[in-house]
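Colleague:
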Amino acid sequence: MGKGRYFNVIYTADEMANTHGILLRRCQQVALALFTEEATKFDFSPTQYSALSFIHNEPGIQQNALGERIALDRSSVTKCVEGLERRGLIRREVDKKDKRARRLFVTPKGKAMLENVSEAATRARQRIKQALGDAGFASFLESLKAFSGILRDEKRSQSETDRS
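Take 1012 as the starting number for the sequence shown in the working numbering and just add one per residue.
Written as structure tokens, this is what we have:
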């Protein structure tokens, strides 16, 4: 071990700035900033865009399933959905089979908003692709998918081990 190290603890600013956690957080900040710049006139967040996109692509999706799809906890997805509903972009209906559940649908106003915000999201994505290049961007997405699946894969592996 090098001078000043104790059990492989990261201690320099350069080392700390290049940890996966800091870099992922910074990537999220950059992605948010790019989206916000492109979609500023719509007063729309990336989370709202993701939610509206899923609701559009999966009409009648249950609110809890939407939360799972866009990685939001129950209270956060409720807040997001309430905001979209307040703006007249979606409507919620009680599920006929499960009265506790809510099914979500995009309104005509929501569809128009989605078309506008999708153009802004595409511009933000193009800015990232331009910076990384097509191959770099594809590799970046594959790495993010692999990283985001670590816990799922570990749980699956543990579950298979438990059944053995």
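All C-beta atoms, glycine included, are put in the ideal place defined by N, C-alpha and C.
Using the C-alpha atoms, what's the distance from Glu-1093 back to Ser-1129?
Modeller: Taking the straight line from one Cα to the other gives about 21 Å.
Colleague: What residue does the alpha helix (DSSP H) around Glu-1096 start on, and which one ends it?
Modeller: From DSSP, the alpha helix (DSSP H) with Glu-1096 extends over 1085-1097.
Colleague: Where do the N-terminal and C-terminal ends of the beta strand (DSSP E) with Val-1020 fall, by residue?
Modeller: Counting along the chain, Val-1020 falls outside any beta strand (DSSP E), and DSSP gives it neither H nor E.
Colleague: For the beta strand (DSSP E) containing Phe-1116, list its first residue and its last residue.
Modeller: From DSSP, the beta strand (DSSP E) with Phe-1116 extends over 1113-1117.
Colleague: Would you grab the beta carbon distance between Phe-1046 and Ala-1132 for me? Rounded to a whole angstrom, and I think it's under 8 Å.
Modeller: Contact holds; Cβ gap of about 6 Å.
Colleague: Less than 7 Å between C-beta atoms, sequence neighbours within five positions excluded: which residues of the same chain meet that for Gly-1099?
Modeller: Taken in chain order, the residues that qualify are Thr-1118 and Lys-1120.
Colleague: With 16 other CB atoms within 10 Å as the buried threshold, where does Val-1105 fall?
Modeller: Label assigned to Val-1105: exposed.
Colleague: Taking C-beta to C-beta, are Thr-1058 and Ile-1081 nearer than 8 Å?
Modeller: Against a cut-off of 8 Å, the Cβ pair of Ile-1081 and Thr-1058 comes out as a contact.
Colleague: So for Ile-1081, helix, strand or coil by DSSP?
Modeller: Looking at Ile-1081 - three-state DSSP - the assignment turns out to be coil, as it is neither helix nor strand.
Colleague: Glu-1049 by DSSP, collapsed to three states: which one?
Modeller: Helix, per DSSP.
Colleague: In chain order, what are the residue ranges of uninterrupted alpha helix (DSSP H) at least 4 long that sit wholly in the region 1126-1173?
Modeller: Segments of the alpha helix (DSSP H) lying fully in the region 1126-1173: 1145-1159.
Colleague: Would you kindly work out how many angstroms separate the C-alpha atoms of Glu-1069 and Gly-1160, rounded to a whole number?
Modeller: Taking the straight line from one Cα to the other gives about 22 Å.
Colleague: I'd like the list of long-range same chain contacts for Gly-1071, defined as Cβ closer than 6 Å, with 5 residues on each side in sequence excluded.
Modeller: Excluding positions up to five away in sequence, the list reads Arg-1114.
Colleague: Could you work out which residue in Gln-1074, Ala-1149 and Glu-1096 is closest to Lys-1122 when comparing CA atoms only?
Modeller: The shortest C-alpha separation from Lys-1122 is found at Glu-1096.
Colleague: Could you check if Met-1124 is buried or exposed, using at least 16 other CB atoms within 10 Å of its CB as the buried criterion?
Modeller: Classification for Met-1124: buried.
Colleague: Please state the DSSP three-state secondary structure of Glu-1026.
Modeller: Looking at Glu-1026 - three-state DSSP - the assignment turns out to be helix.
Colleague: Name the one or two DSSP bridge partners that Glu-1104 has.
Modeller: Arg-1114, per the DSSP bridge assignment.
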